[in-house]
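Residue numbers (the working numbering), protein chains in the order written: chain L, 1 to 254; chain U, 1001 to 1292.
Ideal placement from N, C-alpha and C gives every residue a C-beta, glycine not left out.
As C-alpha cells, the structure follows; a few thoughts come after it.
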C-alpha cells in the first residue's frame, strides 16, 4: 500500500481519562476527498488532530506518506486549516503576514525570497483576498478569516490538505468559493480530508465519508446523499445562511 | 549643566537606548500571546536573584540573569501543561520572588532594603561601565536572535498548533522566548527598575496598536515609542531628580494616551468617509494614492 497518504491504525486518544478515540483505523489513499462527519463530541476533530500528531496516541500507529510519524519531517507536503478562532491574537496581523507563516515549513530560518513572496501572493489570490492583503485579519468577516487560514495552508502547494470544520460560521457565498477552491485542488491531484457538520456545496467533491459516533467509526464508505444529510437529523440541522452563534459578531462591519 | 557632560549620564542614555529597543521587541511577542504580565512576574523573580548576588558577594546582574531565566522557564513549562492550576502556580512564584528578595537581602552582610530600591525603580547613577558592556552585549544578542527567528516566533505566538504542523520547533521557540523575556528584564532593571520593566515591554506595543494594523508595523512603531520613552525619561529624571523608571513609564503612558486619541480620530475618519466599505487599505501605509 505505497500510495497511502494517511495510515492510522488502532488509534486511541484520551483526554484526562475520558476516551475521545477508541481503536480507530483511517486509511486515506492519494487523491481521495474524505469527509469526516459526526455530532459534536463524536471525536471527528480529535481524529484529524491525531492524524497530524497534534494529540498523542495512547495506543495505535500512525504513518504519513508511508513514513512512521516519529520519523516524519516532510511537513511541506501537508496543509492544515484549523478551526477558526485562533485567527486573531493580542497583536493585529495583516492577511499577508498570517499567510506568510504558511511558507515557514519551506523557508526555515532563511529570509523569504521572491519565489516565496510570489507563492504567498498566489495563495491569497486563490482565495480571492488580494485586495485585502494589507488589512488586519481582525477586520475581516468570518468567511474571509476562514479563507485566510486556507490560503496559509496552500502556500507550500501541499499534497494533503486537512481542514477542520472549514464551513462553520461561513456564509453561503464563501462556502461555494471554498468548494470551488477545493475542487480545483482535488483536480490537481491533492488529497483532502475535512471535518464537517454539513457538506453544503462541497458535497459533490466528496469521494468517501467517515461518520464518527462516540469516538468510533460508525460508517466508512460512499458519501451520504447530500440532500438527506441533515433532513433526518433535525438536531444537527444548520441552515447554510445562518452564521454560527459564536462568530456572529464578525459579520457586521465595524 | 549639559547632562551629556557627565559620564554616568552618557552610560545611562546608552543603556536607555538599548533597553528602549530590546524591551518592546521581546514584549510584542508576549502581548501577541496575551501574556502581557509575564514580564512582571519575571521581574518579581529576578529580585530574588539580585538579593542572592548581594548575599554571595557576586554581581547581582549575573545572579538575576540566572534566577530570572530559571523562573521564566518554569513559568513556560507550567503554561505548556495547560492545567487550570497554572494560574495559581504563577502567582506563588511571583510572591515567592519578592519575599525571597527581601528576605535574602536582610540576611546578606551589610545589606539593607535600600540596596534593593535602585533595582526596583532604576537609578541614573547605577549604570556602571561594566553594566553598559553587559547591557550592550545582551540587548545586541536579543535583537540579533529576533532578527533570525522573528518570523518563526511570530508564527508560534500567532497559532501554536499550526506552527507544529508546519514542522517548527514549537517547544524550543517557546522556551527561547521565555529566556529572552528573562534577559530583557535583567537588562532593563538598572534603568527602568524591576517593578516597572514590564511596562516598557508592553506599553509601547499597546501604543503602536492604536495606530497601525500589521504586526511588522506594530514592531516598528513600538520600538520607536520605546526608545522615545526610555531616552526622554532618563533625560527628564536628570532635571527632575527622580527615579528614571517612574518617568519612563509615565512618558510611555502619555504616548499611549495620545496614540489612543489619534487612533479614535483615524478610525472615526475611516468610518465617516466609508473607506472600510469601499477601499479598506486607503488609510494604511500602502503606496496606493488615497482616493479623497
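Distances from the alpha-carbon of residue 1181(U) to those of 1075(U), 1250(U), 1081(U) and 1122(U) put 1075(U) closest. Residue 7(L): member of the beta strand (DSSP E) spanning 4-15, first to last residue. The segment 1160-1229 of chain U is shown to contain whole alpha helix (DSSP H) runs of 4 or more residues at 1160-1165, 1170-1188 and 1197-1211, in chain order. Taking a C-beta cut-off of 9 Å against chain U, the contacting residues of the segment 124-139 of chain L are 131, 132, 133, 134, 135, 136, 138 and 139, listed in chain order. With a contact defined as Cβ atoms closer than 8 Å, residue 1256(U) and residue 1203(U) qualify at about 6 Å. If the five residues before and after residue 183(L) are omitted, its C-beta is found closer than 7 Å to the C-beta atoms of 205, all from its own chain and listed in chain order. In the three-state reduction of the DSSP assignment, residue 45(L) falls in the helix class, which pools H, G and I.
For residue 208(L), no alpha helix (DSSP H) run applies; the uninterrupted beta strand (DSSP E) run containing it begins and ends at 208-213, by DSSP.
By the neighbour-count criterion, in which 16 or more other beta carbons inside 10 Å mark a residue as buried, residue 92(L) falls on the buried side. Listed by position along chain U, the residues whose Cβ is nearer than 9 Å to that of residue 105(L) are 1165, 1166, 1167 and 1168.
Residue 1264(U) and residue 1129(U) have their alpha carbons spaced roughly 44 Å apart. In the three-state scheme derived from DSSP, where H, G and I count as helix and E and B as strand, residue 68(L) is classed as strand.
Residues of the segment 166-181 of chain L with a C-beta less than 8 Å from any C-beta of chain U: none at all.
With fewer than 16 other CB atoms across the displayed protein chains lying within 10 angstroms of its CB, residue 40(L) is exposed. Under the 9 Å criterion on CB atoms, residue 1007(U) is classed as non-interfacial with respect to chain L.
Residue 160(L) has its alpha-carbon roughly 45 Å from the corresponding atom of residue 1043(U). Annotated three-state conformation of residue 1034(U) is coil, per DSSP. For the C-beta of residue 1171(U), not a single chain L residue is nearer than 7 Å; the gap to the nearest is close to 13 Å. In the DSSP secondary-structure assignment, residue 1128(U) is not bridged to any residue. Within chain U, the residues whose beta carbon sits less than 9 Å from that of residue 109(L) are 1148, 1149, 1151 and 1152, listed in sequence order. Around the beta-carbon of residue 1131(U), 16 or more other beta-carbon atoms lie within 10 Å, marking it buried. In the structure shown, residue 94(L) adopts extended strand secondary structure according to DSSP, grouped into three states. For residue 138(L), the three-state secondary structure derived from DSSP is helix. At a beta-carbon threshold of 8 Å, the residues of chain U lying near residue 78(L) are 1165, ordered along the chain. Around the beta carbon of residue 113(L), a 10 Å sphere encloses fewer than 16 other beta carbons of the protein chains shown; the residue is thus reported as exposed. At a cut-off of 9 Å, the C-beta of residue 1221(U) has no neighbouring C-beta in chain L. Under the Cβ criterion of 9 Å, residue 1054(U) is not counted among the residues facing chain L. In terms of Cα proximity to residue 1242(U), the closest of 1151(U), 1117(U) and 1037(U) is 1117(U). Per the coordinates, the alpha-carbon of residue 133(L) lies some 20 Å from the alpha-carbon of residue 1157(U). Excluding the 5 residues flanking it on each side, residue 1016(U) has same chain C-beta neighbours closer than 6 Å at 1191, 1230, 1231 and 1234, in chain order. By the CB criterion at 9 Å, residue 207(L) and residue 224(L) fall outside the cutoff. The DSSP-derived three-state label of residue 22(L) is strand.
Not one beta carbon of chain L lies nearer than 9 Å to the beta carbon of residue 1041(U). Nearest neighbour of residue 1196(U) by Cα position, chosen from 1266(U), 1169(U), 1160(U) and 1250(U), turns out to be 1250(U).
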